[in-house]
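Enquirer: In the working numbering, the protein residues as written are 805 to 1225. The C-beta atom is built at its ideal place from N, Cα and C for all residues, glycine as well. Just so you know, these numbers come straight off a predicted model, no measurement behind them.
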Ligand code: EPU
């Protein structure tokens, strides 16, 4: 029988001290495919050492790119020998961001055959807007048995998104960077990683303006040179650590982060009675008293991020009063709540709102992760709980959090990993 692992946590220890944030997952998974657009080698720094990155290294190599990868140090990609255009089912299923290979390959050579992506099961997650964007730029797009076949010379055009989509915005940016003419994306996403991808592309000589607003203009360039670029710190890891510090009534300085990216979470934590202070690249979170219940609704940036809804709802399980958490981005992002109910959380879901009645204490229990941020929520719950929590299927967590056990242990958490049959 295959060996599996589980995470074990003895809860109830306040997190204390300092922790350094890793490079951003959702930035890295866009920047790495973007190296295919370069006409010279690129070096990327500050990449998190996580499963999604390992999967992208394999995909780039399978396309023929030369990749020199030293986890925790740098990745050098020479895209010049990459002549492939196919990403098969097994590779594409390893991560959501495999869909960025469509935009990158279309932008590079006007042809992509990429199987539908995998990633967290948090809703139906269609990619119709991505495909509509590629079609606006001149691609002929066909869905052939679960493989997206897109082909055509990229010619700049206006792209209007029906809804704000992070993935769609990034994918069209990739397809447009080397297009003939100018592309204008209307109703673009404004997340920090959109801005970081624009900065990366511009460091290669691309002409991207307006990233961070809802209109992005991309003047296609025929040649993009090599670059050395460090990705921004992970906004969601920062937020998860802030929540964990508050949840354990600890006192933690989170270093190497960008406090401005955290404003929506910071505002909610302050409303709950958590003390949050920041300076240039650090945030200190501490809690001494009880937490108050709050209501929140997930929104696109700069609203409250859906990726922090799950860990935040873990924190709210022991706040005084009743919290209402409304998820507006994904239809199935509450699967962690059933698991937390095993730990004593009092929660029910009505339509897209979780109603969380604060209880005095969570209790350790066996629980199973269903997706990455559900895993983060269970980690937070386990750190808060009285007794031992066993978290099954921790591989979801490994897809997005670098060295999470080491980081938490260094702040006083009692957390370890076991192999099970
Ligand atoms: N949508 C469509 N059609 C499309 C694209 C999106 O209907 O063509 C819908 C989605 O179903 C969803 C909403 O639009 O209801 C927003 O989806 P979006 O495209 O913004 O999300 P995504 O690209 O699938 C990325 C992140 C997610 C993060 C969301 C929202 C990556 C690889 N994934 O997903 O990250 O939750 O943006 O910020 O960057 C995670 O890190 O745990 C994670 C799930």
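Using the three-state DSSP reduction, which class does residue 772 fall into: helix, strand or coil?
Expert: Since the first and last residues shown for the chain are 805 and 1225, residue 772 lies out of range.
Enquirer: Classify residue 1143 as helix, strand or coil using the three-state DSSP reduction.
Expert: It is helical.
Enquirer: Spatial neighbours of residue 809 within its chain, please: CB distance less than 8 Å, with the 5 preceding and 5 following residues excluded, ordered by chain position.
Expert: Taking C-beta separations shorter than 8 Å and ignoring five residues to either side along the sequence, the partners of residue 809 in its chain run 1198, 1199, 1221, 1222, 1223, 1224, following chain order.
Enquirer: For residue 1017, decide whether its Cβ has a neighbour in chain D, counting only Cβ atoms nearer than 9 Å.
Expert: Structure shown: chain D not included; a single protein chain is present.
Enquirer: Per DSSP, residue 1108 is paired with what?
Expert: 1102
Enquirer: How many angstroms separate the CA atom of residue 1219 from the CA atom of residue 1210?
Expert: 9 Å
Enquirer: Output the distance between the C-alpha atoms of residue 1069 and residue 826, rounded to the nearest integer angstrom.
Expert: Approximately 18 Å, taken between the alpha carbons.
Enquirer: Would you say residue 1199 touches the ligand EPU, meaning its beta carbon is less than 8 Å from a heavy atom?
Expert: no
Enquirer: Straight-line CA distance for residue 1098 to residue 1114?
Expert: 14 Å
Enquirer: Going by the DSSP bridge assignment, what does residue 1050 pair with across the sheet?
Expert: For residue 1050, which the question treats as bridged, DSSP gives no partner whatsoever.
Enquirer: What distance in whole Å lies between the Cβ atoms of residue 1036 and residue 996, which are believed to be in contact at a cut-off of 8 Å?
Expert: That belief holds up - the Cβ atoms of residue 996 and residue 1036 are roughly 6 Å apart, short of 8 Å.
Enquirer: Quick one: is residue 1092 buried, meaning 16 or more other Cβ sit within 10 Å of its Cβ, or exposed?
Expert: exposed
Enquirer: Spell out the partners DSSP gives residue 1167 in its beta bridges.
Expert: 1190
Enquirer: Check whether the Cβ atoms of residue 1204 and residue 863 sit closer than 9 Å, and answer yes or no.
Expert: Not in contact: residue 1204 and residue 863 (Cβ atoms no closer than 9 Å).
Enquirer: Just to check, is the beta-carbon of residue 901 closer than 8 Å to a non-hydrogen atom of the ligand EPU?
Expert: yes
Enquirer: So, residue 927 versus residue 1103, is the Cβ gap smaller than 9 Å?
Expert: Not in contact: residue 927 and residue 1103 (Cβ atoms no closer than 9 Å).
Enquirer: Helix or strand or just coil, what does DSSP make of residue 821?
Expert: strand
Enquirer: Return yes when the C-beta of residue 1083 is under 8 Å from any heavy atom of the ligand EPU, and no when it is not.
Expert: no
Enquirer: Pull the bridge partners of residue 1080 from the DSSP assignment, please.
Expert: 1089
Enquirer: Between the Cα of residue 1095 and the Cα atoms of 1117, 1110, 1123, which residue gives the shortest distance?
Expert: 1123
Enquirer: At which residues does the alpha helix (DSSP H) containing residue 811 begin and terminate?
Expert: Careful: residue 811 lies outside any alpha helix (DSSP H), inside the beta strand (DSSP E) at 808 to 814.
Enquirer: In terms of residue numbering, what span does the beta strand (DSSP E) encompassing residue 1152 cover?
Expert: 1150 to 1154
Enquirer: Would you mind giving the Cβ-Cβ distance between residue 1146 and residue 1175, rounded to the nearest angstrom? I have them listed as a contact below 8 Å.
Expert: Going by Cβ atoms, the distance from residue 1146 to residue 1175 rounds to 17 Å, so no, they are not a contact pair.
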